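Here the structure is laid out as structure tokens; the discussion comes afterwards.
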Amino acid sequence: MTVEAKKETRGFETEVKHLLHLMIHSLYSNKEIFLRELISNASDAADKLRFEALSNDGIYEGDSELKIRLEFDKDKRTITVIDNGIGMSRQEVQEHIGTIAKSGTKQFFEALTGDQAKDSELIGQFGVGFYSSFIVADKVTLKTRKAGASHEEGVLWESSGEGEYTLESIDKPQRGTEIVLHLKESEDEFLDDWRLRSIVRKYSDHISLPIVMDKEIPAETDDEGNETAPARVEEETVNSASALWTKARQDISDEDYNEFYKHVGHDFQDPLAHIHSKVEGTNEYTLLLYIPSRAPFDLWDRDAKHGVKLYIKKVFITDDAEQLMPRYLRFIRGVIDANSLPLNVSREILQQSKQISTIKSGAVKKMLGLIEGLAKNEAEKYETFWSNFGNVIKEGIIEDFSNKDRIAKLLRFSSTHTDSEKQDVSLEDYVGRMKEGQEKIYFITADSFAAAKNSPHLEIFRKKGIEVLLLSDRIDEWLVSSLTEFDDKHMQSVAKGDLDLGKLEDEEEKKQQEEVNKDFESVVNQIKEVLKEKVSEVRLSHRLTDSPSCLVSDVYGMSLNMERIMKEAGQKMPGSKPIFELNPTHALVTRLKEEQDDQRFADLTNILFDQAILSEGGQLDDPSAFVHKLNELLQGLLK
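So the sequence shown is numbered by our numbering: it starts at 369 and just counts up by one.
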């Protein structure tokens, strides 16, 4: 097949068209970031080549001096970014340019509001990379060849960013990627040597790869004006070209740290916090890790590549290093540079390396320390952190036994102390407010904050002024199954088992309960007969003060909320039977005691049972039967 026959025209995906339109208009006030994005991509390409060359130095093709070259042409009105990194094959060009193969794309577009300022932040958070070229260019030409491929396997990609792009096979002697931006008429400000250099120094000074531009050296003359050396052009490195994390902390400004984060995290916003630390000894390594200020869109994609890059002696090894950071810290971005590991280490060796395990353990402790510092000293930042990453941190209770106690202190919940949906109550706060004689930490799980807050199970606790944690996130069911105690206080669900308030109940109350139980014994037995297979037990409730009935799970059984979550996830669950509790002081329950008609007794019993299911957020097997019985009961009251 000839080269020309391989030329084709393709249409952008709908999402790409949408993104290009939004980006060009939303980011227009910050146009210069296009250069930062292209340089960042070029740097990543060089990192990948350097790693591949560890096992196959032939892909250097005799040129191991990696760099990024920046050119501009005032006459042609172009800016060109050239790298001699890994390059792309035709298939990779199709996969990475023209499509958005990125987790969270759908959620990204759903989150857009139409407000330009807010959408600009979202676009920056999503990361636009190569597409930022179209902020300043009305046509972009990309030439690339994969390192190690033949010259004839070069690829030419070109588009005006309006809906279509062309792909063409070309001969390209040099590996790597060359991107030519044909500037819009209004963007002449970027056709200036000083302007481009200032952008590089502002955004990309930390790039460890040399970023070079041509510099004109004027002719040299002697004292009499005779030319001794002609004018010439020399290549000059514009950036400092040293890995930021290798510098001393006192030599790095906050702006430097922030710009490096934007490079390594592919984010447009400043990070929330960072930690820069060097560990010396037999296992020597440096880490520079960041907490983003907002959650990435692929936060809930637990199998996505995570954000910590592994370097060995400043040589990039991998960005797919799950063994460097546990999944519950998958939002962390940054680098870890290990000096004590061999450069030829493989990914398989990394998974089994004791040194890597030690580095991971140390990095996790550093990150938890950073988060603890926010919680203790920067309440506003911690509130931002928790709203973005709280549910992910909760996974640590389940996954990281060695740090369980530290993570538990970082948890935040809603509670009846304020009845606010805001999660700002720590377990330490709760324990500090426990009533005299209280021995347990009480909580309730539900599928929403409103359901938790208004649960009938809370009635006796509100009456006695006992605080209850209100847990309404899905992860909370797994959390409380792993976190069974805190500060030697047992964690107790208010919707499981028989209620025992221990020293919070007085002897007089217990005697009254025993008398009521005897008085209602025949009624309880009759209710058991009516409900038969629906319940495991019927008993009088000591937790209800206003509601007539509620459902309770067995103390060692699965909560009703957990059962519902598992069923919604498609799991087949054995039908467990709840405990049915009745409030003996409620008028409807005392009416049962007086009811002589067996059918009305059965109808009222079933109504109370169905109401209890509804109050738990459950669904009725036969809603129409419930409505029919309720209507008959109401009609009877009208007679």
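Note that the Cβ used here is the ideal one computed from N, Cα and C, for glycine as well. None of these values were measured; they are calculated from a predicted model.
Inset, instruction - Evaluate contact between the segment 829-843 and the segment 771-783, counting only Cβ atoms and requiring at least three cross-stretch pairs below 8 Å. - result: yes
Legend entry - Spatial neighbours of residue 840 in its chain, beta-carbon cut-off 6 Å, leaving aside the 5 residues before and after: 814, 816, 817 and 820
Inset, instruction - Look at the alpha carbon of residue 692 and the alpha carbon of residue 735, and state the distance between them as a whole number of angstroms. - result: 12 Å
Inset, instruction - Given a cut-off of 9 Å, decide if residue 424 and residue 542 are closer than it, judged by their beta-carbon atoms. - result: With a cutoff of 9 Å on beta-carbon distance, residue 542 and residue 424 are scored as not near each other.
Legend entry - Residue from 512, 428 and 968 whose Cα sits closest to the Cα of residue 464: 512
Inset, instruction - Identify the continuous beta strand (DSSP E) that holds residue 451 and give its terminal residues. - result: 446-451
Inset, instruction - For the alpha helix (DSSP H) holding residue 440, just list the boundary residues, first then last. - result: Residue 440 -> not in any alpha helix (DSSP H); beta strand (DSSP E) instead, spanning 436-441.
Inset, instruction - Report the option in 884, 656, 906 and 683 whose CA atom is closest to the CA atom of residue 893. - result: 906
Inset, instruction - Would you list, in sequence order, the uninterrupted alpha helix (DSSP H) runs of no fewer than 4 residues that lie entirely inside the segment 970-1007? - result: DSSP assignment within the segment 970-1007 yields the following whole alpha helix (DSSP H) runs of 4 residues or more, N-terminal first: 991-1006.
Legend entry - Simplified DSSP state of residue 924, which is helix, strand or coil: In this structure, residue 924 counts as coil in the three-state DSSP scheme.
Legend entry - Nearest-angstrom beta carbon gap, residue 446 and residue 549 [assumed within contact, 8 Å]: 6 Å
Inset, instruction - With residue 379 as the anchor, note down where its beta strand (DSSP E) starts and where it stops. - result: 376-379
Legend entry - Status (buried if at least 16 other CB within 10 Å, exposed otherwise) for residue 409: Per the 10 Å Cβ criterion, buried.
Legend entry - Check whether residue 675 and residue 633 have beta carbons under 9 Å apart: yes
Inset, instruction - Using three-state DSSP, classify residue 471 as helix, strand or coil. - result: Because residue 471 sits at a pLDDT of 44, beneath the cut-off of 50, its placement in the model cannot be relied upon, and the point is left open.
Legend entry - 6 Å CB neighbourhood of residue 415 in its chain, flanking five on each side removed: For residue 415, where only same-chain residues beyond five positions count, the Cβ hits under 6 Å are 684.
Legend entry - residue 376 classed as buried or exposed, judged by whether at least 16 other C-beta atoms fall within 10 angstroms: By the neighbour-count rule (16 or more Cβ atoms within 10 Å), residue 376 is not buried but exposed.
Legend entry - Whole-angstrom distance between residue 758 and residue 828, CA atom to CA atom: 30 Å
Inset, instruction - Tell me whether residue 946 is buried or exposed, calling it buried when 16 or more other Cβ atoms sit within 10 Å of its Cβ. - result: In the assembly as shown, residue 946 is a buried residue. Its beta-carbon has 16 or more other beta-carbons within 10 Å.
Legend entry - Beta-carbon gap between residue 438 and residue 403 smaller than 9 Å: yes
Inset, instruction - Give the DSSP-derived three-state secondary structure of residue 959 in the structure shown. - result: helix
Inset, instruction - Tell me whether residue 586 is buried or exposed, calling it buried when 16 or more other Cβ atoms sit within 10 Å of its Cβ. - result: Around the beta carbon of residue 586, fewer than 16 other beta carbons lie within 10 angstroms, which makes this residue exposed.
Legend entry - Cβ pair residue 637, residue 660 closer than 9 Å: yes
Legend entry - Spatially closest choice to residue 442 from 553, 770 and 957, by CA coordinates: 553
Inset, instruction - Mind checking which residues open and close the beta strand (DSSP E) that includes residue 860? - result: Residue 860 -> beta strand (DSSP E) spans 857-861.
Legend entry - Residues that residue 533 bridges to, as DSSP identifies them: 378 and 527
Legend entry - Distance CB(residue 547)-CB(residue 510) smaller than 9 Å: yes
Legend entry - Reference residue 381, options 532, 998 and 448, closest by Cα: 532
Legend entry - Inside the segment 670-757 only - beta strand (DSSP E) runs reaching at least 3 residues: 675-680, 683-686 and 701-706
Inset, instruction - Rank 903, 584, 986 and 971 by C-alpha distance to the C-alpha of residue 996 and give the top, closest one. - result: Closest by alpha carbon: 971.
Legend entry - Status (buried if at least 16 other CB within 10 Å, exposed otherwise) for residue 923: exposed
Inset, instruction - Could you name the residues that DSSP lists as bridge partners for residue 810? - result: 860
Inset, instruction - Would you mind working out which of 949, 763 and 379 sits nearest residue 694, comparing C-alpha positions? - result: Residue 694 has its Cα closest to that of 763, out of 949, 763 and 379.
Inset, instruction - Within 10 angstroms of the Cβ of residue 613, are there 16 or more other Cβ atoms? Answer buried if so, exposed if not. - result: buried
Legend entry - DSSP three-state assignment for residue 847, whether helix, strand or coil: The answer is helix: DSSP assigns residue 847 an H, G or I state.
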